[in-house]
Amino acid sequence: MPTHTWQKSSYCGQGESCVHISADPDPGTTIHLTESADPTRSVLTTTPTAFAALLGALSARRPGT
């Protein structure tokens with residue numbers, strides 16, 4: 020498994036339920052996602068376009084916005 024520089028979500032609360040993201044060094048290629056409570060460290064891989072669509076959909080559903 021490749022080595023990634025992971026960044027923890029700014030919305031991470033207390034405990035072991037945090038989303039981590041890593042982007043390939045070559046901009047615009049691949050986004051990697053994992054969850055800190057996953058002992059197997061399963062990694063989801065997507066494109067920046069698809070990830071932006073996911074963030075947009077989640078932001079639209081956020082209460083109070």
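For the sequence shown, our numbering gives the first residue as 20, with consecutive numbering after it.
Where a beta carbon is used, it is the ideal one built from N, C-alpha and C, also for glycine.
Everything numeric in this text was worked out from a predicted model, so none of it was measured.
- Query: MET20 to ARG80, Cα distance in whole Å?
  - Reply: Bear in mind that a pLDDT of 47 at MET20, under 50, signals an unreliable position, so the number given afterwards is only what the model happens to contain. Each residue's Cα considered, the two are about 34 Å apart.
- Task: For THR64, name the three-state secondary structure that DSSP assigns.
- Result: strand
- Message: Rounded to whole angstroms, what is the Cα-Cα separation between PRO58 and ALA69?
- Response: 26 Å
- Query: Would DSSP call SER78 helix, strand or coil?
  - Reply: helix
- Query: Is the Cβ-Cβ distance between THR24 and SER41 less than 7 Å?
  - Reply: yes
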